[in-house]
Amino acid sequence: MFAGIAGRYDLANRVLSGGVDRSWRRKVMAAAGSPGAGSTVVDVACGTGDLALLFAKAGARVVGVDFTYEMVALAPSKETGRGGDLAWLQGDGLQLPVGDGVADAATIAFGLRNVADRRRCIREMARVVRPGGRVLVLEFSMPQRDAFGRIYRAYLEHVLPRIGGALSGDRSAYDYLDDTVQGWPGPEQLQAEMEEDGLVDCGFERLWRGIACIHRGVVPAPGDGARVTRGSSGSGG
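Letter 23 of the sequence shown, counting from 1, is numbered 10 in my numbering, and no numbers are missing.
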């Protein structure tokens, strides 16, 4: 499915989000501590490289990994003006082709919904990050069931698949997006899973009244106890 829409994936993202997905990615970079020169970042499910390229522009060494070759193959063409070292790999988020503890941060943007086992993916991300480093997840979420939430659900179910299908040539890909977003766990549940899988200082930030969420966690040093920071409800975008 992703191979079939790779060529128009960026266009669909920009139109369907009104471009706000770019500001969300910048927030992920800030939440990762804005790693620059001398830092290493692993970006999982990197797609065509938007988030990875932000880190590289700041001077970080970046490894972008995506399961779909047709997606990650487009990333090198977007490298103009980058600052750091970049490597693009086709690989499985459940078995990352990266060594233990080599990264200062591991990120995944809008990809955790698409793996077969999200818990295993989080554990893999934590494996490749050094103690004290950060794991960041940017993912769609569902707002509360108020007036805004009802409007957003109607958009997901009826408008987004039509526009996404027209832009990409594959409506089923955007029906899939609607299904996976509406079936995604709430941020409190995902935070609890990250804590259960050993991350500390976990928390989240809701973006744009909850239509997306940034989750954060820290890889503990041996012997560290869990230190939990409850999620905020601040707006983003």
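Yeah, the Cβ is synthetic: ideal placement off N, Cα and C, and Gly gets one too. This one's a predicted model, so the numbers in the text were calculated from it and none came from an experiment.
Spatial neighbours of residue i in its chain, beta-carbon cut-off 8 angstroms, leaving aside the 5 residues before and after
i        : result
Ala(-10) : Thr55, Tyr56, Glu57 and Met58
Arg100   : Glu126, Phe127, Thr167, Val168 and Trp171
Same chain only: Cβ atoms within 7 angstroms of residue i, ignoring 5 sequence neighbours per side
i       : result
Gly152  : Arg158 and Tyr161
Asp37   : Arg12
Val2    : Ile150 and Leu154
Asp104  : Leu81
Tyr139  : Pro130 and Ile198
Ala96   : Arg12, Val15, Leu38 and Leu125
Asp(-3) : Thr35
Ala213  : Caution applies to Ala213, whose pLDDT of 48 falls short of 50 and renders its modelled position unreliable; the model cannot decide the point.
Val215  : Note that Val215 scores a pLDDT of 40, beneath 50, so its modelled location is shaky; the value from the coordinates is reported in the next line. Counting only Cβ-Cβ distances below 7 angstroms, and skipping sequence neighbours, we find Glu182 and Cys189.
The alpha helix (DSSP H) enclosing residue i, as first and last residue numbers
i      : result
Thr167 : Arg158 to Gln169
Trp195 : Where Trp195 is concerned, there is no enclosing alpha helix (DSSP H), given that its DSSP letter is neither H nor E.
Thr136 : For the record, residue 136 in the displayed sequence is Gly; it is not Thr. Element bounds for Gly136: Ala134 to Ala141.
Phe54  : Careful: Phe54 lies outside any alpha helix (DSSP H) and carries neither H nor E.
Val102 : Looking at the DSSP string, Val102 is not in any alpha helix (DSSP H), and its letter there is neither H nor E.
Integer Cβ distance of residue i from residue j, believed to fall under 8 angstroms
i        : j      : result
Leu228   : Pro84  : The requested residue 228 does not occur in the structure, where the chain is confined to residues -12 to 224.
Met112   : Val31  : 6 angstroms
Asp53    : Ile109 : The Cβ separation is near 17 angstroms, so there is no contact.
Met(-12) : Tyr163 : 7 angstroms
Neighbourhood of residue i by C-beta distance below 6 angstroms, restricted to the same chain and skipping five residues each side
i       : result
Pro118  : Val206 and Ala208
Ala(-1) : Gly151, Leu154 and Ser155
Gly136  : Pro130
Ala93   : Val29, Met112, Val115, Val116 and Val122
Gly98   : Ala32
Closest by C-alpha distance to residue i, when choosing among the options
i      : options                            : result
Lys14  : Val31, Arg110, Glu111 and Leu123   : Leu123
Val29  : Asp87, Arg106, Gly156 and Glu144   : Asp87
Glu175 : Gly20, Gly190, Asp79 and Thr94     : Gly190
Thr27  : Val50, Cys33 and Gly34             : Val50
Ser4   : Leu177, Gln178 and Leu147          : Leu147
Arg132 : Tyr163, Gly173, Met(-12) and Ala92 : Gly173
Asp165 : Gln178, His145 and Leu177          : His145
Asp79  : Thr67, Asp91 and Val102            : Val102
Ala179 : Gly(-6), Ala60, Ala17 and Arg106   : Arg106
Opening and closing residue of the beta strand (DSSP E) in which residue i lies
i       : result
Gly(-9) : Note, Gly(-9): premise wrong, no beta strand (DSSP E); alpha helix (DSSP H) at Phe(-11) to Ile(-8).
C-beta neighbour in chain D for residue i, strict 8 angstroms
i      : result
Ala103 : Annotation note: the requested chain D is absent from the structure, which comprises a single protein chain.
Task: Any 3 or more C-beta pairs closer than 8 angstroms across the region 190 to 204 and the region 121 to 130 - done: yes
Open item on the list: With a threshold of 8 angstroms, are at least 3 pairs of Cβ atoms found where one atom belongs to the region 25 to 45 and the other to the region 9 to 16?
Closed with: yes
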